[in-house]
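**Student:**
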Amino acid sequence: MESGQMLLGVPREVNAFFVPAVRTAPQPIRRALAPMVLAFLLAPHYRRLKTIAGMVAGHRVHVATISRRLVNPRWKTRDFHVSLYERHWRDTDRWERRMRGGQKRHWCIVIDTTYHRSVGHCMENMIVMSRRSDPRRRSKRQHAFLMGMILTDRGGRIPLPRRSYYTKAYCEAKGKKYRTLNQLAAVMLKEVSVPKDVTVTVTFDSAFDAQGIHRVCKNRGFREVFPLDPNRNLSASEDAEGPAIPDRRVVAWTRSWDCKEFELIELQVENEDFVYFRRRHVDNLRVKKTRRRYAVAARRATVSRLGECLIVASYKENEKVKLLPGQSASWQAYHAGPVVHRKKSKKVPSRWHGKVLACTDPQLTAREVIQLYEVRWQVELLFRELKSRMQLGCYVLMKFEAVERYIDFLLMGLLLLEHQRLNNMKRNGKPSKRAGEPWVQARVTDQLRLLEGIANEWNVRQIEAEVKTKAGLKRLLRTLRQSPCRVA
């Protein structure tokens, strides 16, 4: 908290959010969970454990208290997070069911992996990524976390419980089962709860174009929108399990499409179909700030080991790119040019960026597929908010169990902010068709400001109550003298 850096207790609405999750936990945990999450949310600067200790335990010298909590197995933070997630999921579903009045609903599930880089050699479960192409650069050591979120067509945003990636060496040392990131994603999609009256679209990057994920989505009736792996081939028959056509790559096949098949699509905040799935700052709710232009074409095709899909070849314009002498600003020139490997094209400016998308529901239009894939960037926005505003990458912890509890505290704080936003939407009633209201578009920074306002109001009420009596005034002065930074 930047103003005063002091909180005289936990506001009632904040404490009420955490009570159901720790009802059966020991009393020390019941008393400390809400202050811990508040400290992670309201810490004023770089979140070292000393900063958190000053917020929770009253003084920075109590950093050992926070360290012990992060490695204490009684602090089942994932269970607490799952309990809070299920409660927020039920509240969101109940409110949206009442708002829709029995109509069909649409949810979008977005998954992706985020990494945290560290130079520590003693930290557990580090993935070592070598720089073979440039021996002068050092290898990267990092942790990997699979995260996802549910976006609803009424403005709801529900972060899913995280999945940690364990290296083979860590699994052997701890007796855990090794799973790849694609296997973790399949488990996440298999376990996510979805109401029966909801149509679900799953979006992800090409790294998750795997059979295990496609199998789970097909069994659960989920629609998929994702960039095709460049190695995917067309099928020789209409059967998904039929033999692949040799040397008939789907991505390369789209380059042979006639330019007359493409159409220009211009999207902006006034004509988007899935505006409720997005989060924008109030300053960005303008046509000029939200305008995008695409050249798209679509064909139905049977992809080997995937089945019948709608293949969408798209080129997105970036007007800010400064072209080199002799370069064309037309998308036709990019479409007719040779396929350039992504790593080799990083330093070459291009006005148009190409991507080939696949949708497992051939009934959709190319315009709808493009907009649904744009929703995938909401998980990138989530990672940006977690790392920049909530400072996910500030930990330096040797034990990976402590790292997981640290991440869980941040995600519980994120659920608290989203629950506050849901309550604001309930109080303000049905939003407009374009969802331009600030309580619908509110992002983490806006919700943190609101939480700071609630904390300030709580402080004022506590001070007003204490100064009414001599004993209360004496108690207040003693509290103020104890520490410049405290969550009591």
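Just remember that this note's numbering sits 32 ahead of the position in the sequence shown, which is counted from 1. Every residue gets a Cβ at the ideal spot worked out from N, C-alpha and C, and that includes glycine.
(1) I want to know whether the region 323-341 touches the region 263-282 - three or more CB-CB distances under 8 Å.
(2) Taking all protein chains shown into account, do 16 or more other C-beta atoms lie within 10 angstroms of the C-beta of residue 426, making it buried, or fewer, making it exposed?
(3) If you draw a straight line from the C-alpha of residue 473 to the C-alpha of residue 503, how long is it?
(4) Contact check, residue 305 vs residue 400 under 8 Å by CB: the rounded distance?
(5) For residue 211, which option in 181, 244, 234, 49 has the closest C-alpha, if you only look at C-alpha atoms?
(6) Mark residue 56 as exposed unless 16 or more other C-beta atoms lie within 10 angstroms of its C-beta, in which case mark it buried.
(7) Assuming residue 233 contacts residue 404 under a Cβ cut-off of 8 Å, what Cβ separation, rounded to an integer in Å, is found between them?
(8) What does DSSP give as the partner residue(s) for residue 327 in the beta ladder?
(9) From residue 421 to residue 476, what distance separates their C-alpha atoms?
(10) Along the alpha helix (DSSP H) that carries residue 112, what are the first and last residues, could you check?
(11) Take residue 194 as the anchor and find which of 253, 209, 224, 365 has the nearest alpha-carbon.
(12) Comparing C-alpha positions only, which one of 392, 209, 348 sits nearest to residue 250?
(13) Grouping DSSP H, G and I as helix and E and B as strand, with all else coil, what is residue 144?
(14) Are three or more beta carbon pairs between the region 433-442 and the region 94-110 nearer than 8 Å?
(15) If you follow the alpha helix (DSSP H) that residue 437 is in, where does it begin and where does it stop?
(16) Using 8 Å for Cβ pairs, my map puts residue 183 next to residue 217. What's the rounded Cβ distance?
(17) Roughly how many angstroms separate the alpha carbons of residue 71 and residue 508, rounded to a whole number?
(18) Counting Cβ pairs, one atom from each stretch, are 3 or more of them under 8 Å apart for the region 290-303 and the region 260-272?
(19) Can you give the beta carbon distance from residue 326 to residue 402, rounded, assuming they're within the 8 Å contact cut?
(20) Tell me which same chain residues have a C-beta within less than 6 Å of the C-beta of residue 200, skipping the five on either side of it?
**Tutor:** In brief:
(1) yes
(2) Here residue 426 corresponds to residue number 394 of the sequence shown, with the count starting at 1. It is buried - the Cβ of residue 426 has at least 16 other Cβ atoms within 10 Å.
(3) Locating residue 473 in the sequence shown gives position 441, counting from the first residue. Locating residue 503 in the sequence shown gives position 471, counting from the first residue. Using only the alpha carbons, I get a separation of about 45 Å.
(4) Numbered from its first residue, the sequence shown carries residue 305 at position 273. Numbered from its first residue, the sequence shown carries residue 400 at position 368. That pair is a contact at about 6 Å.
(5) Taking the sequence shown and counting its residues from 1, the one referred to as residue 211 is at position 179. Of 181, 244, 234, 49, the residue nearest in Cα terms is 244.
(6) The residue you call residue 56 lines up with position 24 of the sequence shown. Per the 10 Å Cβ criterion, exposed.
(7) Stepping through the sequence shown from its first residue, residue 233 is reached at position 201. Stepping through the sequence shown from its first residue, residue 404 is reached at position 372. With 8 Å as the limit, residue 233 and residue 404 qualify as a contact, their Cβ atoms being about 6 Å apart.
(8) Taking the sequence shown and counting its residues from 1, the one referred to as residue 327 is at position 295. Looking at the DSSP assignment, residue 327 forms a beta bridge with 296, 347.
(9) Residue numbering aside, residue 421 sits at position 389 when the sequence shown is read from its first letter. Residue numbering aside, residue 476 sits at position 444 when the sequence shown is read from its first letter. Distance between the alpha carbons of residue 421 and residue 476 is about 8 Å.
(10) One-based indexing of the sequence shown puts residue 112 at position 80. Start and end: 109-132.
(11) Residue numbering aside, residue 194 sits at position 162 when the sequence shown is read from its first letter. The shortest C-alpha separation from residue 194 is found at 224.
(12) Here the question's residue 250 lines up with position 218 in the sequence shown. The residue with the shortest Cα to Cα distance from residue 250 is 392.
(13) Position 112 of the sequence shown, counted from the start, is the residue given in the question as residue 144. Here residue 144 sits in strand by DSSP.
(14) yes
(15) In the sequence shown, the residue the question calls residue 437 occupies position 405. Here the alpha helix (DSSP H) through residue 437 covers 432-460.
(16) In the sequence shown, residue 183 corresponds to position 151, counting from 1. In the sequence shown, residue 217 corresponds to position 185, counting from 1. That pair is no contact at about 17 Å.
(17) By 1-based counting over the sequence shown, the position of residue 71 is 39. By 1-based counting over the sequence shown, the position of residue 508 is 476. If I take the Cα positions, the gap works out to 21 Å.
(18) no
(19) Position 294 of the sequence shown holds residue 326. Position 370 of the sequence shown holds residue 402. 6 Å between Cβ atoms; contact.
(20) Indexing the sequence shown from 1 puts residue 200 at position 168. So the list reads 210, once near-sequence residues are dropped.
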